[in-house]
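J.:
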Ligand SMILES: Nc1ncnc2c1ncn2[C@@H]1O[C@H](COP(=O)(O)OP(=O)(O)O)[C@@H](O)[C@H]1O
Ligand SMILES: [Mg+2]
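Residue numbers (our numbering): 224 to 451.
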């Protein structure tokens, strides 16, 4: 069941990307083509009109370049592998805040980079999904993303000041089209961590993930066999 849910979560993600690719990139490219056709007609009219059209077409190309960059970043941000989780979160939250009317305040305990690659990827995905939910559903004006050290574990919290929702009911509903929260929880639990969500009317929602510091990656395959 777990595998099936992960696979359908991946499918949902793909559908989303494909929809966004269509709406953003393809539409802009079609716009460019229309402009180019108009250009060849304007060419005989005059230099001034021609320049204006070229400037506009440049703008369209720039827009689609930005959109493609954004997709690449969301699929697998290179900065996560090259520079680490904190720079990846900085860059991701900056790009969300620039596009949406929302303030994102990020504080992070540098020791989080000592976690393994798999754990840091999970934390990145949780932050990504939680921020996407805030933007989509919360009507919040501010988000606080904080990574801190607690005894034996790393804690990451994403707290918004938006509308609250019925967390238990949403989980129980097991709507196959709503896999964001379930996907987050499963990813965290797969690496031995825990995820809790608290949503309070008048205050907002907090997503809290805790990843144990001594987790599976520190156990040798032999030790794993012995303990099982
Ligand atoms: N930060 C949030 N603030 C308000 N509502 C939220 C928040 N996060 C999730 N929700 C609610 O929980 C539902 C399930 O979220 P999720 O599983 O991510 O699915 P989806 O984002 O595709 O709707 C959302 O549809 C929304 O109603
Ligand atoms: Mg979601």
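Beta carbons: idealized from backbone N, C-alpha and C, even for Gly.
DSSP on residue 224, reduced to helix/strand/coil?
T.: Numbered from 1 along the chain shown, position 1 holds the residue referred to as residue 224. Residue state, collapsed to three classes: coil.
J.: Does any C-beta atom of chain D lie closer than 8 Å to the C-beta of residue 435?
T.: As a matter of chain content, chain D is missing from the structure shown, which is built from one protein chain.
J.: Who sits around ligand 1, taking every residue whose Cβ is closer than 5 Å to one of its heavy atoms?
T.: The filter returns 356, 357, 360, 361, 388, 393, 401, 403, 404, 428, in chain order.
J.: Pairs of beta-carbons, one from the stretch 402 to 410 and one from the stretch 230 to 247, closer than 8 Å: are there three or more?
T.: Result yes; three or more Cβ-Cβ pairs closer than 8 Å.
J.: From the DSSP output, which residues share a beta bridge with residue 211?
T.: Here the chain comprises residues numbered 224 to 451, so residue 211 is not present and cannot be evaluated.
J.: Run through DSSP, which three-state label would residue 307 get?
T.: The residue you call residue 307 lines up with position 84 of the chain shown. Residue 307 falls in the coil class under three-state DSSP.
J.: Please state the DSSP three-state secondary structure of residue 387.
T.: One-based indexing of the chain shown puts residue 387 at position 164. Residue 387 falls in the coil class under three-state DSSP.
J.: Regarding residue 239 and ligand 2, is the C-beta to nearest heavy atom distance less than 7 Å?
T.: Looking up residue 239 in the chain shown gives position 16. Residue 239: no, Cβ never under 7 Å from ligand 2.
J.: Enumerated in chain order, which unbroken segments of the alpha helix (DSSP H) with a length of 4 residues or greater are wholly contained in the stretch 264 to 289?
T.: For the stretch 264 to 289, not a single whole alpha helix (DSSP H) run of length 4 or above is found.
J.: Give the secondary structure of residue 240 by DSSP, where H, G and I count as helix, E and B as strand, and everything else as coil.
T.: What you label residue 240 is simply residue 17 of the chain shown in a count that begins at 1. Correct three-state label for residue 240: helix.
J.: Ends of the alpha helix (DSSP H) at residue 343?
T.: As a first step, residue 343 must be located in the chain shown, where it is residue number 120. Counting along the chain, the alpha helix (DSSP H) containing residue 343 begins and ends at 340 to 356.
J.: Could you tell me if the beta carbon of residue 235 falls within a distance shorter than 7 Å of some heavy atom in ligand 2?
T.: Residue numbering aside, residue 235 sits at position 12 when the chain shown is read from its first letter. No, Cβ of residue 235 sits at least 7 Å from all heavy atoms of ligand 2.
J.: Can you find the residues in the same chain that come closer than 6 Å, C-beta to C-beta, to residue 254, ignoring five residues on each side of it along the sequence?
T.: Translated into the one-based positions of the chain shown, residue 254 becomes position 31. These residues qualify, in order along the chain: 283.
J.: Ligand 2 and residue 243: does the residue's C-beta get closer than 7 Å to at least one heavy atom of that ligand?
T.: Indexing the chain shown from 1 puts residue 243 at position 20. Because no heavy atom of ligand 2 lies under 7 Å away, the Cβ of residue 243 does not count as near it: no.
J.: Flag this pair as yes or no: are the beta carbons of residue 377 and residue 335 separated by less than 8 Å?
T.: As a first step, residue 377 must be located in the chain shown, where it is residue number 154. As a first step, residue 335 must be located in the chain shown, where it is residue number 112. It is a contact, given that the beta carbons lie within the stated cut-off.
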